[in-house]
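Student:
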Amino acid sequence: LAADAKSIEVQFAIADLGTHNLEICEKNEFSDKSISAPNPRFLVSGDPGRLQQVVWNLLSNAIKFTPRDGRVEIRLSRIDGEVELTVSDTGMGIAADFLPYVFESFRQADASITRTHSGLGLGLAIVRQLVELHGGTVRADSPGLDRGATFTFRLPAIQVATGLGEEPEGLVVGADLRGIKILVVDDEVDSLEFLEFVLEECGAKVRAAASAAQALEAALEFVPDVLISDIGMPEEDGYSLLARLRAGKGKFRAIALTAYARDEDRDRALAVGFDRHLAKPVSPDELVEVVAKLSLLGKEF
């Protein structure tokens, strides 16, 4: 992953986000929204666009999971040499047994909640990746279901007096996937979004599909160098999808990215033609490394 680092004033970024979120609040019939940012200048080193995405994702989630007449609040402070931003809401909250996993990609809570809200935890895995990329930390707290939630992230602060010099070097993590065309297939919305984000940040050209049918349609005009596919999907699984794509599009590398993690699952995936089998959850670094290595092999089978 990469980000263009520079000294930015956090307060200004929050003010900009407040204007954009008014539109979301109106659509969700909110009667109350509070954005609180103190007067002192808080400088951090980071990519303004990426940090804006962090706050935007947290705010969007808070609004999405808070009912009418609820409350969403942002607070900004400086604690022990770090800038701390919290986004709290009075929404549906998070179950205690799911709380430790809320930032993990490829995880979701109760299926009924997911269906109602078109995916649970929009961008939370991305939030964690971006915050950690900037040398920060993020956590989630909730007293339980229907009792709201609070998301807090911290970034190292820069003293105002020393923040006016050369800009910091860019933040770079991961392999270079520039020019590699990747077709990603997963029926779980948040997993698909996360995979697309990670791969595009490394320079890949990504086409995302939420089903085998969508993948086959996309492949009519997008011939991938690498296929990354879930296995257990409704209507048509990843095994069948690979066979049909190989029949029509010929040679490309393929990765099975699946919750089916037993040895026999790995053996079956390799037997039907996948080049690699990765068990969910997979770390972004591992995924990118595997894609990079497979792409170096080219189409020489």
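Positions in the sequence shown are counted from 1; adding 1037 to them yields this note's numbering.
The beta-carbon is built from N, C-alpha and C at its ideal position, and this holds for glycine as well.
Can the beta-carbon of L1232 be found less than 8 Å from the beta-carbon of V1164?
Tutor: no
Student: Using 8 Å as the threshold, is the C-beta distance between A1099 and V1124 below it?
Tutor: yes
Student: In terms of residue numbering, what span does the beta strand (DSSP E) encompassing K1339 cover?
Tutor: Coverage of the chain is limited to positions 1038 through 1338, which leaves residue 1339 absent and any answer about it impossible.
Student: If you drop the 5 nearest sequence neighbours on each side, which residues of the same chain put their C-beta closer than 8 Å to that of V1263?
Tutor: I1217, K1218, I1219, L1220, F1289, R1290, A1291, I1292, V1328, L1331, S1332
Student: Using 10 angstroms around the beta-carbon of S1320, count the other beta-carbons present and answer buried if the total reaches 16, otherwise exposed.
Tutor: exposed
Student: My understanding is that D1213 touches C1239, with C-beta atoms under 8 Å, so please give their C-beta distance in whole angstroms.
Tutor: 7 Å
Student: To the nearest angstrom, how far is the alpha carbon of E1337 from that of A1247?
Tutor: Interpretation of E1337 is limited by its pLDDT of 47, a score under 50 that renders its predicted location unreliable; the figure taken from the coordinates is listed afterwards. Rounded to the nearest angstrom, the two C-alpha atoms are 29 Å apart.
Student: Would you mind stating whether D1183 and M1129 have Cβ atoms separated by less than 8 Å?
Tutor: Against a cut-off of 8 Å, the Cβ pair of M1129 and D1183 comes out as a contact.
Student: On the CB-based measure, 16 or more other CB atoms within 10 Å of its CB, does E1161 come out buried or exposed?
Tutor: The displayed chain sequence assigns Leu, not Glu, to residue 1161. Buried: at least 16 other Cβ atoms inside 10 Å.
Student: Provide the residue span of the alpha helix (DSSP H) that contains G1086, from first to last.
Tutor: According to the DSSP assignment, G1086 belongs to the alpha helix (DSSP H) that extends over 1085-1101.
Student: Along the chain, which unbroken stretches of the alpha helix (DSSP H) at least 4 residues long are found entirely within the stretch 1244-1272?
Tutor: 1249-1255
Student: If you measure between the beta carbons of F1102 and D1126, is that distance less than 8 Å?
Tutor: yes
Student: Taking its Cβ as the centre, do 16 or more other Cβ atoms sit within 10 Å of G1107, making it buried, or is it exposed?
Tutor: buried
Student: Taking the CB atoms as reference points, tell me whether G1276 and V1235 lie closer together than 8 Å.
Tutor: The amino acid occupying residue 1276 in the given sequence is Tyr; Gly does not appear at that position. No, Cβ-Cβ distance for Y1276 and V1235 is not below 8 Å.
Student: Sorted by chain position, which residues of the same chain lie with C-beta nearer than 6 Å to L1192's C-beta, five sequence neighbours on each side aside?
Tutor: These residues qualify, in order along the chain: V1081, V1120, H1171, G1173.
Student: Tell whether a beta-carbon distance below 8 Å holds between L1136 and V1092.
Tutor: no
Student: Buried or exposed, going by whether 16 or more other CB atoms sit within 10 Å of the CB of D1322?
Tutor: exposed
Student: Given this structure, state the Cα-to-Cα distance separating L1279 from D1302, to the nearest angstrom.
Tutor: 15 Å
Student: Please say whether A1194 and G1118 have beta carbons closer to each other than 8 Å?
Tutor: yes
Student: Where S1266 and L1294 are concerned, what is the direct C-alpha to C-alpha distance, given to the nearest angstrom?
Tutor: 6 Å
Student: So, helix, strand or coil for R1303, using DSSP?
Tutor: helix
Student: Helix, strand or coil: which one does DSSP assign to R1215?
Tutor: coil
Student: Using only the alpha-carbon positions, how far apart do P1318 and G1083 sit?
Tutor: 27 Å
Student: Among E1258, F1190, V1226, which residue has its Cα nearest to the Cα of L1088?
Tutor: F1190
Student: So V1272 and A1250 are in contact, right, with Cβ under 8 Å, and what is the actual spacing, rounded?
Tutor: In the sequence as displayed, the identity of residue 1272 is Glu instead of Val. About 7 Å separates the two Cβ atoms, so the contact holds.
Student: Cα separation between L1324 and V1243?
Tutor: A straight-line Cα-Cα distance of about 14 Å links L1324 and V1243.
Student: Ordered along the chain, which non-local residues of its own chain (more than five positions away) have a Cβ less than 6 Å from that of L1334?
Tutor: Sequence-distant partners of L1334 (beyond 5 residues in either direction) whose C-beta falls short of 6 Å from its own C-beta are missing from its chain.
Student: DSSP beta-bridge partners for P1193?
Tutor: E1119
Student: What residues are listed by DSSP as bridge partners for A1177?
Tutor: F1188
Student: Count the other CB atoms, across all protein chains shown, that sit within 10 Å of the CB of P1104; report buried if there are 16 or more and exposed otherwise.
Tutor: exposed
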